[in-house]
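Colleague: Take a look at this one; I'll ask things after.
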Amino acid sequence: MGDPAEQFDHTEPPTDGNDIAPTTDAADHLSPQYISDSDQAMIGCKIGRFTIKGVIGSGGMGTVFHAVQEQPRRRVAIKMMKQGMSSRSAQRRFEFESQLLARLKHPGIAQVYEAGTYDGGYGERPYFVMEYISSAKTLTEYADFKKLGTRERLDLFAQVCDAVQHGHLKGIVHRDLKPGNILVGSAGRPRIIDFGVARSTDSDMAVTTLQTDVGQLVGTLQYMSPEQVEADPTDIDARSDVYALGVILYELLTGRLPYDVSKAAIHEAARMVREEAPTRISTIDRHLRGDVETITMKAMEKIRSHRYQSATELQQDIQKYLEDRPISASPPNALDNLRRFARRHRAASAAMASIFIILLGAVIGVSIFAIDADKQRNMAQQAQARAESVSGFVSTMLSSQDPVTMGNIDKALMQPVLAQATESMEREFEDEPLVKADLHRVIGQAYRNLGLYHDSQIHLEQALEIRLSMLGEAHPDTLDSLLDMAMQRSNERKPEEAAPYLEKVVSGRRLILGEDHPDTIDATLRYANCLSTLSEFKKSHELMATVMAHRKERLGDNHIDTLNAMASYGSLLLNESRYDESAVISHDVVKRMRSSLGSSDARTLASINNHAIILSILQRHDEAKRLFEEAIIGRRRVIGEDHPHTLRSMNHLADILLIQKDYEEAEKIYREALDSRRRVLGNEHPDTIWSLNYLGQMLTRVGRYEEAEPYLREAMQTRRRTQGKLHLRAMESTVTYAQLMLAMEDYDEALAYYREAEKSRIEVHGEDAESTRHLQQMIQKVLELQEKQDSADSSSRAGTRNGQ
1001 MGDPAEQFDH TEPPTDGNDI APTTDAADHL SPQYISDSDQ AMIGCKIGRF TIKGVIGSGG
1061 MGTVFHAVQE QPRRRVAIKM MKQGMSSRSA QRRFEFESQL LARLKHPGIA QVYEAGTYDG
1121 GYGERPYFVM EYISSAKTLT EYADFKKLGT RERLDLFAQV CDAVQHGHLK GIVHRDLKPG
1181 NILVGSAGRP RIIDFGVARS TDSDMAVTTL QTDVGQLVGT LQYMSPEQVE ADPTDIDARS
1241 DVYALGVILY ELLTGRLPYD VSKAAIHEAA RMVREEAPTR ISTIDRHLRG DVETITMKAM
1301 EKIRSHRYQS ATELQQDIQK YLEDRPISAS PPNALDNLRR FARRHRAASA AMASIFIILL
1361 GAVIGVSIFA IDADKQRNMA QQAQARAESV SGFVSTMLSS QDPVTMGNID KALMQPVLAQ
1421 ATESMEREFE DEPLVKADLH RVIGQAYRNL GLYHDSQIHL EQALEIRLSM LGEAHPDTLD
1481 SLLDMAMQRS NERKPEEAAP YLEKVVSGRR LILGEDHPDT IDATLRYANC LSTLSEFKKS
1541 HELMATVMAH RKERLGDNHI DTLNAMASYG SLLLNESRYD ESAVISHDVV KRMRSSLGSS
1601 DARTLASINN HAIILSILQR HDEAKRLFEE AIIGRRRVIG EDHPHTLRSM NHLADILLIQ
1661 KDYEEAEKIY REALDSRRRV LGNEHPDTIW SLNYLGQMLT RVGRYEEAEP YLREAMQTRR
1721 RTQGKLHLRA MESTVTYAQL MLAMEDYDEA LAYYREAEKS RIEVHGEDAE STRHLQQMIQ
1781 KVLELQEKQD SADSSSRAGT RNGQ
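Under the working numbering, think of the first position of the sequence shown as 1001, with each following residue one higher.
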């Protein structure tokens, strides 16, 4: 079942409710092998009114146990100092944490019920009993699991800021804020835990721990402020927590950290935090540019006085953004206010886009009209400048989103904007065909990036038609349009139609730009991918080798373009059924892309999806399932729930669930994907037909034949109508429908469709083809069953007559 090879795109485990994420200071998700025998031996022991039921996790300083209290009946978490950590300084810090937590009474901070010491025969071990957070996930895990959008994530984060501010008002600086120390339970409320390295601003409490902190890095380095990595506890205040909140917000929105310190020595990591500028979040996800980026970067300012001066200030700016009000982090300019207006008044913003185009066209028209006869010789240059200005302006408006991430913006907003832009363009640039061609291409690409391929094709075809007639085929702009058409055919699952376009583009760019030009190399790679899909492996290998050699030499092994070429080579090996070799390459690509781009980048997500496809073919289903789930979560967030690539990942996951006999969940996903594909792509798109097939075959597998029949019939009829009866997929659908009729014991219908399929097979492959012989065997089987049924019916009728 599964998507065919051309779909190769260029979680968290369930809990039984008895576990929560670890609430320790040094480990966020520890597996059992890190838990000591002495901690395991605690299971079943009573500590005061509490009975230990299990070990949640263990960190550098303490172990967290799951326990039950009888009166009142409730589940709790008990944090106990590790056995053997009997130094006075360690005890002071542990006791200090319990005292801090006891002072904090806020719904966003885990509550402490009581504290004491336990002596199990090996010396006293301090402990404190705290609130048990049911079905808890870390902040980032929860947001991904619930598939929260940007605004929902910001709202969740604002609650964290409120809890942190409560601690600050009580004179407590956490010093180790990170997603692993913020748990979200089943109710959806975040709670801060683990004050094991917190610092009080009260002199009477600070003096008890200051001695152990001097000269030590206390906290988790990735989230430390520049002043915190200096390891001087006297120089740390609430603004260090504000910095950590900025890093957490950065990670919550992008899925990655601002600095990669995972492989750096501690002194080098500290230098990076102190000196290097973090990667701006808009370079990771362009739809975060603007206020969200401003807020995040201000919270992470290296100079404390430039940051938000409190968690409340940070929270207030987030709230202003959510309410579409100007934020305090930077004074709003005209464009910012215009964007806010568009968010508040969507209908008006659609008209505004057209007004901009009209006004700009009018200004340009007046300028051209004013040119006197003495300047006729410059008219061509000025017309070209005008065209570039118009195209640049509209490109900025409509294509500012990443070519992939644009799929996640509001289609309900963008479609009327694009429609109005089209209407204005046709009216205002009626006498400027090349400008119209540019704009048709921009609008067509915008539609394509939204996943609206039908609308995209209309504009891209018009751009190509104009450019062919005005510029000829051997012009760079025309070649760009030919490439657009190739991509359009690929998106429609028609590689055989894409190939001729790509061949022209490669030849044309070699002639005009040269063989080593990046655009020529890009087109060559696309052509190689297409040939691979068409099983023209020898030529694909030749072209792929050229691309790989060029990119490794010019760009290096780890450049994103080189990694894309490696991914394509992995796809080629997959199509050749060289699965083990393909898996090695795809695993390496995923690893490198995670390192260079982060796990939330659309290209990394594509590589994760590709690797999962290979693993599923190798029957490594559990691994594939985890990766498909990751790809779906990421793609929903980055490119949108209805984007064709997201829907493909969903179908792959459903295939795995079907293999694992999780029929209920598989059916749910198949139906969701089918509904989305009908809505976004239309009933005749190949992806929609695949969804009909998936759902129909799944229902057939579980014996729900009557429900399966309309889906498989629609798939067969649509393929016959759009592709012809002799197309491979149409023949496959005919055979699938015949199999269903056979299962339903409708032998007359089964025989009719098997014979239609046989006729097509003979015409395409000949009578001696193995597939033809197989169909002939099935026809013979149906005839035998039909004969038995007729004989049984005759006997039944005879028996009835005799009985009368």
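C-beta atoms are modelled at their ideal positions from N, C-alpha and C, and glycine is treated no differently.
Note that this is a predicted model, so its numbers are computed, not measured.
List the residues that DSSP assigns as beta-bridge partners of Leu1183.
Modeller: Locating residue 1183 in the sequence shown gives position 183, where the first residue counts as 1. Paired residue(s): Thr1138, Arg1191.
Colleague: May I ask you to check if the CB of Gly1508 is nearer than 7 Å to at least one heavy atom of the ligand FMN?
Modeller: Looking for the ligand FMN in the displayed structure turns up nothing, as the structure carries no ligands at all.
Colleague: Straight-line CA distance for Lys1788 to Leu1742?
Modeller: Taking the first residue of the sequence shown as position 1, residue 1788 is located at position 788. Taking the first residue of the sequence shown as position 1, residue 1742 is located at position 742. Answer to the nearest angstrom: the Cα atoms are 14 Å apart.
Colleague: Considering only the beta carbon of each residue, do Thr1807 and Ile1284 sit closer than 8 Å?
Modeller: Examination of residue 1807 is not possible in this model, given that the chain is present from 1001 through 1804 alone.
Colleague: Give the single residue among Ala1752, Lys1082, Phe1050 whose Cα lies nearest to the Cα of Glu1070.
Modeller: Within the sequence shown, residue 1070 is the residue found at index 70, counting from 1. Comparing Cα positions, the closest option is Phe1050.
Colleague: Do Arg1671 and Ser1805 come within 8 Å of each other at the CB atom, strictly closer than that value?
Modeller: In the structure as shown, the chain starts at 1001 and stops at 1804, and residue 1805 therefore has no counterpart that could be examined.
Colleague: Beta-carbon within less than 7 Å of Tyr1660's beta-carbon, same chain only, minus the 5 sequence neighbours each way: which residues are those?
Modeller: Reading the sequence shown from its first residue, position 660 is the one you call residue 1660. According to the sequence provided, residue 1660 is Gln. The question's Tyr does not apply to it. By the criterion of a C-beta distance shorter than 7 Å, Gln1660 is surrounded in its chain by His1621, once the five residues flanking it on both sides are discounted.
Colleague: Buried or exposed for Asn1651, going by 16 or more other Cβ atoms inside 10 Å?
Modeller: Numbered from its first residue, the sequence shown carries residue 1651 at position 651. Buried, since its Cβ has 16 or more Cβ neighbours within 10 Å.
Colleague: So, are the CB atoms of Met1166 and Ile1248 less than 8 Å apart?
Modeller: Working through the sequence shown from its first residue, we reach residue 1166 at position 166. Working through the sequence shown from its first residue, we reach residue 1248 at position 248. Just to set this straight, residue 1166 is His in the shown sequence, not Met. For His1166 and Ile1248, no; Cβs fall outside 8 Å.
Colleague: If you run the structure through DSSP and keep just helix, strand and coil, what is Ser1058?
Modeller: Position 58 of the sequence shown, counted from the first residue, corresponds to residue 1058. It is a strand residue.
Colleague: Hey, could you find the ends of the alpha helix (DSSP H) Pro1495 is sitting in?
Modeller: The residue labelled residue 1495 in the question sits at position 495 within the sequence shown. Per DSSP, Pro1495 belongs to the alpha helix (DSSP H) from 1495 to 1512.
Colleague: Three-state secondary structure (DSSP) at Phe1050?
Modeller: As a working mapping, residue 1050 is identified with position 50 in the sequence shown. Correct three-state label for Phe1050: strand.
Colleague: Below 8 Å, can you find three or more Cβ-Cβ pairs linking the region 1557 to 1573 to the region 1590 to 1608?
Modeller: yes
Colleague: Pairing CB atoms from the region 1304 to 1317 with CB atoms from the region 1145 to 1164, are three or more of them under 8 Å?
Modeller: As far as the Cβ criterion goes, the region 1304 to 1317 touches the region 1145 to 1164, which means the pair count is three or higher.
Colleague: Across which residues does DSSP place Arg1467 in a beta bridge pair?
Modeller: By one-based count along the sequence shown, residue 1467 stands at place 467. Arg1467 is not bridged to any residue.
Colleague: Please return the same chain residues whose Cβ sits closer than 6 Å to the Cβ of Lys1147, not counting the five positions on each side in sequence.
Modeller: Translated into the one-based positions of the sequence shown, residue 1147 becomes position 147. Excluding residues within five positions, the ones whose Cβ falls inside 6 Å are Arg1636.
Colleague: Between Leu1692 and Leu1674, which are expected to be in contact by the criterion C-beta below 8 Å, what is the C-beta distance as a whole number of angstroms?
Modeller: The residue labelled residue 1692 in the question sits at position 692 within the sequence shown. The residue labelled residue 1674 in the question sits at position 674 within the sequence shown. Their Cβ separation, rounded to whole angstroms, is 7 Å, which keeps Leu1692 and Leu1674 in contact under 8 Å.
Colleague: Quick check for students: name the residue ranges of the alpha helix (DSSP H) that lie wholly in the region 1228 to 1309, counting only runs of 4 or more.
Modeller: Taking only runs of at least 4 residues, the alpha helix (DSSP H) segments lying wholly in the region 1228 to 1309 are 1238 to 1254, 1266 to 1275, 1291 to 1299.
Colleague: Please name the residue or residues paired with Asp1119 in a DSSP beta bridge.
Modeller: Numbered from its first residue, the sequence shown carries residue 1119 at position 119. BP columns for Asp1119 point to Glu1124.
Colleague: Return the CA-CA distance between Arg1239 and Pro1518, expressed in angstroms with no decimal places.
Modeller: Residue 1239 sits at position 239 when you count from the first residue of the sequence shown. Residue 1518 sits at position 518 when you count from the first residue of the sequence shown. Taking the straight line joining both Cα atoms gives about 47 Å.
Colleague: Just verifying my parser: in three-state terms, what is the DSSP assignment at Arg1175?
Modeller: Along the sequence shown, one-based indexing puts residue 1175 at 175. DSSP places Arg1175 in coil when its eight states are reduced to three.
Colleague: Determine contact between the region 1285 to 1292 and the region 1265 to 1274, defined as no fewer than three beta-carbon pairs at a distance below 8 Å.
Modeller: no
Colleague: Among the candidates Leu1740, Met1731, Ile1779, Ala1738, whose CA atom is the shortest distance from the CA of His1765?
Modeller: On the sequence shown, residue 1765 is found 765 positions in, with the first residue counted as 1. For the residues Leu1740, Met1731, Ile1779, Ala1738, the minimum Cα distance to His1765 belongs to Met1731.
Colleague: CA-CA distance, Ile1633 and Phe1145?
Modeller: On the sequence shown, residue 1633 is found 633 positions in, with the first residue counted as 1. On the sequence shown, residue 1145 is found 145 positions in, with the first residue counted as 1. Between the C-alpha atoms of Ile1633 and Phe1145 there is a straight-line separation of about 7 Å.
Colleague: Using the C-alpha atoms, what's the distance from Thr1524 back to Glu1496?
Modeller: Position 496 of the sequence shown, counting from 1, holds the residue named residue 1496. Position 524 of the sequence shown, counting from 1, holds the residue named residue 1524. Answer to the nearest angstrom: the Cα atoms are 16 Å apart.
Colleague: Taking the alpha carbon of Arg1304 as the reference point, which residue from Leu1252, Gln1228, Glu1251, Gln1739 has its own alpha carbon closest?
Modeller: Within the sequence shown, the letter at position 304 stands for residue 1304. Among Leu1252, Gln1228, Glu1251, Gln1739, the Cα nearest to that of Arg1304 is on Gln1228.
Colleague: So if DSSP puts Met1130 in a beta bridge, which residue, or which two residues, is it bridged to?
Modeller: Residue mapping note: residue 1130 aligns to position 130 of the sequence shown, counting from 1. The partner list for Met1130 (beta bridge, DSSP) reads Ala1077, Val1112.
Colleague: Is Met1042 closer than 8 Å to Lys1079 when the C-beta atoms are compared?
Modeller: On the sequence shown, residue 1079 is found 79 positions in, with the first residue counted as 1. On the sequence shown, residue 1042 is found 42 positions in, with the first residue counted as 1. No.
Colleague: Go ahead and label Ile1266 buried or exposed: buried means 16 or more other beta carbons lie within 10 angstroms of its beta carbon, across all protein chains shown.
Modeller: Within the sequence shown, the letter at position 266 stands for residue 1266. Result: exposed.
Colleague: Nearest chain D C-beta to Asp1687 closer than 8 Å, yes or no?
Modeller: Of the protein chains in the structure, only one exists, and it is not chain D.
Colleague: Would you kindly check if the distance between the Cβ of Tyr1447 and the Cβ of Leu1418 is under 8 Å?
Modeller: By 1-based counting over the sequence shown, the position of residue 1418 is 418. By 1-based counting over the sequence shown, the position of residue 1447 is 447. Contact flag set, yes.
Colleague: Run through DSSP, which three-state label would Phe1429 get?
Modeller: Reading the sequence shown from its first residue, position 429 is the one you call residue 1429. Reduced to three states, the DSSP call for Phe1429 is coil.
Colleague: Tell whether a beta-carbon distance below 8 Å holds between Ser1310 and His1454.
Modeller: The residue labelled residue 1310 in the question sits at position 310 within the sequence shown. The residue labelled residue 1454 in the question sits at position 454 within the sequence shown. Not a contact, by the Cβ cut-off of 8 Å.
Colleague: Report the residue from Tyr1113, Gly1057, Lys1105 whose alpha carbon sits nearest the alpha carbon of Gly1048.
Modeller: What you label residue 1048 is simply residue 48 of the sequence shown in a count that begins at 1. The residue among Tyr1113, Gly1057, Lys1105 with its C-alpha nearest the C-alpha of Gly1048 is Tyr1113.
Colleague: With burial defined as no fewer than 16 other Cβ atoms inside 10 Å of the residue's Cβ, what is the status of Val1584: buried or exposed?
Modeller: Translated into the one-based positions of the sequence shown, residue 1584 becomes position 584. When all chains shown are included, Val1584 counts as exposed.
Colleague: Considering only the alpha carbon of each residue, which of Phe1065, Ser1058, Gly1057, Ile1056 lies closest to Lys966?
Modeller: With the chain represented from 1001 up to 1804, any question about residue 966 goes unanswered, as that position is not in the structure.
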